[in-house]
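Okay, so here's the structure we're looking at.
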Amino acid sequence: MTMQRFVVTAVLLLALLAPGIALDEPAAPPVAAKSQTFSSSMLIVENAGQWPEAARFQVWGSPFGTGMTWLAEDAIWVTIVDQGEEETGRRKGGEPFTLSAHHVFTPTSQSGVNLKLTFPGSNPDVRIEPFDSQETAVNYFLGNDLDRWQPAVPVWGGVRYVDLYPGVDLDIGSSDGGWKWRF
């Protein structure tokens, strides 16, 4: 039953993304990065060494609820996780709980689905360029090794896959609380 739920979720995810994809007539001339107008309900965190190199950006504010979205040069990875009680921060009766020093988490198994979105026949040397610099910065202080710490990691409002296809760029940002894809 849970697998059916995730298959349905994956199909709905693709259906939600499809209407936002449209080809403009003709390709727009290059514009300054700050001139793009996307809302800041989605934050795109740059990889400054806190993740494997292939993951260029991590998207926060997924319209799909729980999960994570990663932007790589060869694909867009979407992970959707079945949200259990522990993740919701609520007890079975719907009442929120407060963490205390005495609270013990019980490990649970989770179900999820990973979707790899690719662009067949696209440029293998595509570049991902961020735009719409945000005032927000994120700090990653991982463990006791100061060399792994990444302070003030840049956050962006959108990214552009430059020359995804010859003469075609893909802009990803957010608008009205959802994702906006523009070719």
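Under the working numbering, think of the first position of the sequence shown as 1, with each following residue one higher.
The C-beta atom is built at its ideal place from N, Cα and C for all residues, glycine as well.
Remember, predicted model here, so these are calculated numbers, not experimental data.
Enclosing beta strand (DSSP E) for E73 [first to last residue]: Here residue 73 corresponds to residue number 73 of the sequence shown, with the count starting at 1. Looking at the DSSP string, E73 is not in any beta strand (DSSP E), and its letter there is neither H nor E.
Rounded straight-line distance, which links the Cα of S174 to that of E46: For the purposes of this step, residue 46 is identified with residue 46 of the sequence shown, where counting begins at 1. For the purposes of this step, residue 174 is identified with residue 174 of the sequence shown, where counting begins at 1. About 16 Å.
Extent of the continuous beta strand (DSSP E) to which S175 belongs: Position 175 of the sequence shown, counted from the start, is the residue given in the question as residue 175. From DSSP, the beta strand (DSSP E) with S175 extends over 168–175.
Own chain, CB closer than 6 Å to D176, minus 5 neighbours either side, in chain order: Position 176 of the sequence shown holds residue 176. Excluding sequence neighbours, D176 sits near nothing in its chain.
8 Å CB neighbourhood of D169 in its chain, flanking five on each side removed: For the purposes of this step, residue 169 is taken as residue 169 along the sequence shown, with counting starting at 1. So the list reads A27, R160, Y161, V162, D163, F183, once near-sequence residues are dropped.
Helix, strand or coil at R148 [DSSP, three-state]: As a first step, residue 148 must be located in the sequence shown, where it is residue number 148. In this structure, R148 counts as helix in the three-state DSSP scheme.
Environment of T69 [buried if 16+ CB atoms lie within 10 Å]: Along the sequence shown, read from residue 1 onward, the residue named residue 69 stands at position 69. T69 is buried by the Cβ-count criterion.
Contact the segment 123–135 vs the segment 151–160: 3+ CB pairs below 8 Å: yes
Distance between D171 and P120 (C-alpha atoms, nearest Å): Working through the sequence shown from its first residue, we reach residue 120 at position 120. Working through the sequence shown from its first residue, we reach residue 171 at position 171. Taking the straight line joining both Cα atoms gives about 17 Å.
DSSP beta-bridge partners of R182: Translated into positions along the sequence shown, residue 182 becomes position 182. Paired residue(s): D171.
Closest residue to V78 among L115, A55, W51, S111 (Cα-Cα distance): Residue numbering aside, residue 78 sits at position 78 when the sequence shown is read from its first letter. When each option's Cα is compared against that of V78, the closest is L115.
Completely contained beta strand (DSSP E) runs for the segment 115–146, where each covers 3 or more residues: 127–140
Contact under 8 Å by Cβ, N139 with V155: By one-based count along the sequence shown, residue 139 stands at place 139. By one-based count along the sequence shown, residue 155 stands at place 155. It is not a contact, given that the beta carbons lie outside the stated cut-off.
Neighbourhood of T136 by C-beta distance below 6 Å, restricted to the same chain and skipping five residues each side: One-based indexing of the sequence shown puts residue 136 at position 136. Within the same chain, T136 has close Cβ partners V155.
Identity of the residue in E73, D82, L117, D147 nearest P124 by Cα: If you number the sequence shown from 1, residue 124 lands on position 124. Checking every option, the nearest Cα to that of P124 belongs to E73.
Three-way DSSP call (helix, strand, coil) for Y165 in this model: Within the sequence shown, the letter at position 165 stands for residue 165. Reduced to three states, the DSSP call for Y165 is strand.
Nonlocal neighbours in the same chain, by C-beta distance under 7 Å from W149, ignoring five residues either side: Sequence index remark: in the sequence shown, residue 149 carries index 149 (1-based). Here the set comprises Y140, F141, L142.
Terminal residues of the beta strand (DSSP E) in which E46 lies: For the purposes of this step, residue 46 is taken as the residue at position 46 of the sequence shown. E46 -> beta strand (DSSP E) spans 43–46.
D147 versus Q50: straight-line alpha-carbon distance, rounded: Working through the sequence shown from its first residue, we reach residue 147 at position 147. Working through the sequence shown from its first residue, we reach residue 50 at position 50. Using only the alpha carbons, I get a separation of about 10 Å.
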